[in-house]
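Accompanying notes for the structure given below.
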Amino acid sequence: MLRIERGLFALALIGCSGGGEPSFDYPLDDELRFQHLQARGTHNSYHIAPDPFVLPDWNYTHSDLDVQLDGGMRQFELDVYLRGDLTGFDVMHIVNIDPGTTCALFADCLRVLKDWSDDHRAHHPIAVMIEMKDTFSSGGVESLELLDAELRSVWPDDRLVTPDFVRGDAATLREALAGDGWPTLGELRGKAMFWLHNRDEHREAYNNNNTSLEGRPMFTNASAGQLDTAVAAVLAADNPIAGAADIAEAIAANILVRTRTDVLGDEGYEIDPPALEAALASGAHFLSTDIESLEIPEGAPTRCNPINAPTACTPIAVEDPDQL
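Heads up: the sequence shown begins at 809 in this note's numbering, then just goes up one per residue.
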């Protein structure tokens, strides 16, 4: 699939009516690209803390996904377990020990995100990390195919930012991103991107040993120090201080980065000021937290990326709450 020419998509949206795409006005949508923003997100976005208290590691409860979206969160993380009858996936942290979740079925979590997106099509792209918690031997390649099918049953390809769309007519994703980077926000509004968070046999089977994501709806997590593979497009670097060099390398290569802002205390996770400061300054695209009240300075609530955004960028050019 060829990438849409710069500006054509954004211009087509302005003033359109009838049964076509929704109409909204973002004058910089043919200039700003996905890598030019910095947004908030949540870690284990479905999680409900056990009651009674068990461990500080598990002592956090998130709002429903659509409530988080209303609050400006644009990056999420879902842990999935293949059901024994191979009919789909459950969402939880740890089976029987820490199972609390706001949406027990993967398909239900997807529908909450999709329903919100349907009602707020002017949003910038939503990013969702998916971690398969079962061992690869429990489902193998069949489980990956089932995961893709379940994702596409709720989010059709025309509402997904897929690897094929980003690659366009380039030979590889890496080649496509090495140029201008990701598609423009005008091409991506109202869409979601998903990436497989695993760095194990699931990833190697999903992306053909780091060579191709052709036909897949999801990206795969790159490994720090190995950002030159054909499919390298997204990176999770949890520690913005220890991982500063990896984040900088990724951003220079137009790879999207998720990092975290919290530290574990005696009662649970809390904002770590040095980590937050480092994350903000690093230009990591998604700042993940268990503290939903976290705000990004100068964000609306998403802001222009401090490392690579064009000088003309403004927070409301990335996403304007009045147009949602």
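Just so you know, even glycine gets a beta-carbon here, dropped at the ideal spot from N, CA and C.
In the assembly as shown, S961 is an exposed residue. Its beta-carbon has fewer than 16 other beta-carbons within 10 Å. Just so you know, the alpha carbons of G1076 and A1000 end up roughly 30 angstroms apart. Annotated three-state conformation of A912 is coil, per DSSP.
Per DSSP, reduced to three states, the secondary structure at I1115 is coil, with no helix or strand assignment. Assigned with DSSP and collapsed to three states, D1070 falls in strand. Closest in alpha carbon position to C1112, among E829, P830, L836, F832, is L836.
In the DSSP assignment, Y1014 falls within the unbroken alpha helix (DSSP H) covering 1009-1014. For D942, same chain residues with a beta-carbon under 8 angstroms away, outside a window of 5 residues either side, are Y889, L890, S951 in chain order. Note on geometry: alpha-carbon atoms of T909 and G892 lie some 19 angstroms from one another. Rounded to the nearest whole angstrom, the CA to CA distance from A1050 to A957 is 37 angstroms. Taking 7 angstroms as the cut-off, the beta carbon of V903 is found no closer than this to the beta carbon of F914. Between R848 and T992, the gap from beta carbon to beta carbon reaches 7 angstroms or more. Our two residues, G976 and A984, have alpha carbons roughly 7 angstroms apart in a direct line.
For the set T1110, V862, L955, H870, the Cα lying nearest the Cα of T895 is the one of L955. Put simply, the backbone Cα of P907 is about 13 angstroms away from that of L886.
Secondary-structure assignment with DSSP links Y868 through no beta bridge to anything.
The beta carbons of R1007 and H851 sit about 17 angstroms from each other, so the pair does not count as a contact at 8 angstroms. Within 10 angstroms of the beta-carbon of T1019 lie fewer than 16 other beta-carbons, which makes it exposed. DSSP places W924 within a helical segment (H, G or I) once states are collapsed to three. Sequence-distant Cβ neighbours of A1120 in its own chain, meaning closer than 8 angstroms and more than five residues away, are L836, E839. Under the DSSP assignment, R997 falls outside any alpha helix (DSSP H); it carries neither an H nor an E label. Scanning its chain for C-beta atoms nearer than 6 angstroms, with the 5 sequence neighbours on each side dropped, one finds around P830 the residues R929, in chain order.
The beta carbon of R882 sits closer than 6 angstroms to those of A847, I934, all from its chain and outside the five residues before and after it, given in chain order. A1045 sits close to I1055, with the two beta carbons spaced by under 7 angstroms. Assigned with DSSP and collapsed to three states, R960 falls in helix. Of the other Cβ atoms in all chains shown, 16 or more fall within 10 Å of the Cβ of I938; this residue is therefore buried. Take the alpha-carbon of L1004 and the one of P1081: they are about 29 angstroms apart. When the beta-carbon positions are compared, V1042 and L1021 stay at least 7 angstroms from each other. Between A1117 and H844, the beta carbon gap of about 4 angstroms places them in contact (Cβ cut-off 8 angstroms). For P1025 and M940, the gap between their C-alpha atoms comes out near 15 angstroms.
Here D887 carries a strand assignment [DSSP, helix/strand/coil].
Straight across, the Cα-Cα distance linking G1107 with T1037 is about 33 angstroms. Contact between A1061 and S1090 does not hold, since their C-beta atoms are separated by about 14 angstroms, which reaches or exceeds 8 angstroms.
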